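Reviewing the structure listed below.
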Amino acid sequence: MYFRWICVLLIFPSTFTVKAQEPPEALIAVPDTCVALREGRNCYADVTLTWEQPIIGNYCLRDATSKYIMQCWLKQQSGTFNYAFDSQQSISFELFDSNTSKIISIAEVKLQWVYQNRQKKRRWRLF
């Protein structure tokens, strides 16, 4: 009887183990994808960036590429920022602790196109 349970535990160990809870994402962008009609054109969307931390502190939100600080919150545990997305490429955002400059979380707004630009091959024919 015990041999069966030992075999089951050895074969399927993941079903009987307790999984540690992963911390939720600290920074969330909604929507996380912007859809433009054609490749190379700007995509427009109203993106809401929300964040939450277990500890009250001083946090800032910035553009990951240019390091431009968009907004800071003093002695806060959560926050929201509305961003008017207007770009031809994907943009990443960083939430960081303004006291230590440590990056806490990164969120990305990806770009997608309905139609991709494809060059048609034109062949010339004389006859």
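What the sequence shown shows, in mature numbering (1 follows the signal peptide of the UniProt record, and there is no 0), is residues -20 to -1, 1 to 107, in sequence order.
Think of the CB as a built atom: it goes at the ideal place given N, C-alpha and C, for glycine as much as any other residue.
All figures in this text were calculated on a predicted structure; none of them were measured in a lab.
So, under 8 Å CB-CB, residue i and residue j are touching, yes? Tell me the CB distance rounded to an integer number of Å.
{"i": "Leu7", "j": "Ala87", "result": "4 Å"}
{"i": "Ile36", "j": "Gln56", "result": "7 Å"}
{"i": "Val10", "j": "Cys23", "result": "No, Val10 and Cys23 are not in contact; Cβ-Cβ is about 15 Å, not under 8 Å."}
Suppose you measure from the CA of residue i to the CA of residue j; what does that come to, to the nearest Å?
{"i": "Leu41", "j": "Trp104", "result": "55 Å"}
{"i": "Ile49", "j": "Ser72", "result": "13 Å"}
{"i": "Ser58", "j": "Asn38", "result": "10 Å"}
{"i": "Gln1", "j": "Arg98", "result": "Unreliable positioning characterises Gln1 in this predicted model, as indicated by a pLDDT of 45, which lies under 50. The coordinate reading is nonetheless provided below. Cα to Cα, Gln1 sits roughly 46 Å from Arg98."}
According to DSSP, simplified to helix, strand and coil, what is residue i?
{"i": "Gln96", "result": "coil"}
{"i": "Ala(-1)", "result": "Reliability fails at Ala(-1), whose pLDDT of 43 lies under 50, so the model's placement of it is uncertain and no value is given."}
Please confirm whether any heavy atom of the ligand ADP lies closer than 7 Å to the CB of residue i.
{"i": "Ala87", "result": "The ligand ADP is absent from the structure shown, which contains no ligands of any kind."}
Where are the beta strand (DSSP E) runs, 3 residues long or more, that stay fully inside the stretch 5 to 85, in chain order?
Those beta strand (DSSP E) runs which fall completely within the stretch 5 to 85 and span 3+ residues are 7 to 10, 13 to 18, 23 to 43, 49 to 67 and 71 to 77.
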